[in-house]
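Going by the numbering used here, the letters in the sequence shown line up with residues 29 to 283, in that order. All remarks here apply to the structure that follows.
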Amino acid sequence: MSSLSKTLGVLDLFGPHQLQIDPETIATRMGLSRATVYRYVKDLCEAGLLKRVGAGSYGLGPRIIELDWVMRQYDPILSAGRKLMNELAQKTGLAVFASVFYDGHIINTYITESYDASTFAFGRGHPLPLFRGAQSKVLVAAQRGKRLQQLFERYIVTDPTHPYSTRPWSEFARDAKKIRKDGYCITHDELNYGLTGIAAPIINVDEKEVIGSISAVGSTADFKLLRQETVRDMLIDTAQRIAANIHAQRTTPTS
Numbered sequence: 029m030s031s032l033s034k035t036l037g038v039l040d041l042f043g044p045h046q047l048q049i050d051p052e053t054i055a056t057r058m059g060l061s062r063a064t065v066y067r068y069v070k071d072l073c074e075a076g077l078l079k080r081v082g083a084g085s086y087g088l089g090p091r092i093i094e095l096d097w098v099m100r101q102y103d104p105i106l107s108a109g110r111k112l113m114n115e116l117a118q119k120t121g122l123a124v125f126a127s128v129f130y131d132g133h134i135i136n137t138y139i140t141e142s143y144d145a146s147t148f149a150f151g152r153g154h155p156l157p158l159f160r161g162a163q164s165k166v167l168v169a170a171q172r173g174k175r176l177q178q179l180f181e182r183y184i185v186t187d188p189t190h191p192y193s194t195r196p197w198s199e200f201a202r203d204a205k206k207i208r209k210d211g212y213c214i215t216h217d218e219l220n221y222g223l224t225g226i227a228a229p230i231i232n233v234d235e236k237e238v239i240g241s242i243s244a245v246g247s248t249a250d251f252k253l254l255r256q257e258t259v260r261d262m263l264i265d266t267a268q269r270i271a272a273n274i275h276a277q278r279t280t281p282t283s
């Protein structure tokens, strides 16, 4: 692991239950010397990624807010799909999410502004559990072979609360394969009781790789009125149009 990776690894210690941290805790959890920790903290503070928030404690810095703004404006999925996702939300009355997979994490990067995000247990930026919820299942199912098995062994088997923790790898692999083949996933009550979600992958036109997903989420009663099949078809069409827009943005010459 490079020195840069180790320095940035300090940021991984923050989460919903760890909003502030002190150098001693960093040293203990990362197995580093105090001198190394103070050097890392100094570098992160100078970069604006950490800030001092009390006597000997540090929190996330303002540079992260700035980077979040940049991502909201220029992230390829959002710049290509924000309008389409808002249109889908308006047509269906459902909340529409954009989600991505990175380094074993599923993150919602966008939720249509018109919907009350407080309804959801996992809002924007809050990591979702792997293979729970439609958007998470679609993104995990896109991983194949050894990578998929590594995710199963590292994150699912080791989580006693996960529905698949006591199931064999073969069953998990079979269910993931079915989602890939179907091209969408529908779940009920997996992240929020009383809610149904449908997700479809956003597939890069050039590399044919899944680069994210979009999902429509609402009450199970709303889905019965709308017909799941109708929402599914609209969602898949929106995902394909977002992928086409991303491709067009990449191939359009810049002046």
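Each residue gets a CB set at the ideal place from its N, CA and C atoms; glycine is no exception.
Reduced DSSP secondary structure (H/G/I, E/B, other) of residue i
i	result
Leu223	strand
Gly87	strand
Gln171	coil
Gln48	coil
Ser31	helix
Phe180	helix
Ala126	strand
Gly153	coil
Ser164	helix
Lys236	coil
Ala75	coil
Val259	helix
Gly59	coil
Val38	helix
Val81	strand
Chain-order list of residues whose beta-carbon lies under 6 angstroms from that of residue i (same chain, five-residue window excluded)
i	result
Arg260	Tyr212, Ile226
His275	Val233
Ala271	Ile230, Ile231, Val233
Contact set for residue i: own chain, Cβ-Cβ below 7 angstroms, skip 5 residues either direction
i	result
Gly179	A small fix is needed here, since residue 179 is Leu in this sequence, not Gly. Closer than 7 angstroms at Cβ, skipping near neighbours: Gly132, Leu158, Val168, Gln171.
Leu39	Leu77
Ser164	Ile134, Leu156, Pro157, Leu158
Ala267	Ala228, Pro229, Ile230, Ile242
Phe251	Thr224, Val259
Tyr66	Pro51
Pro44	none
First through last residue of the alpha helix (DSSP H) which encompasses residue i
i	result
Leu116	104 to 120
Phe200	197 to 210
Own chain residues within Cβ distance below 8 angstroms of residue i, not counting five before or after
i	result
Gln256	Ile214, Thr224, Ile226
Ile184	Leu158, Phe159, His190, Tyr192, Ser193, Phe200
Ala149	Leu219, Asn220
Arg57	Leu41
DSSP bridge partner residues for residue i (one or two, in chain order)
i	result
Gly215	Here residue 215 turns out to be Thr, not Gly, going by the sequence shown. Answer by DSSP bridge pairing, in chain order: Gly225.
Gly251	Correcting the residue identity first, residue 251 is Phe in this sequence and not Gly. Note: Phe251 sits in no beta bridge, so no partner.
Ser241	Ser127, Pro229
Host beta strand (DSSP E) of residue i (start-end)
i	result
Tyr138	133 to 139
Residue-chain proximity (residue i, chain C), Cβ-Cβ < 8 angstroms
i	result
Ser164	Going by chain labels, chain C is absent from the structure shown, which holds only one protein chain.
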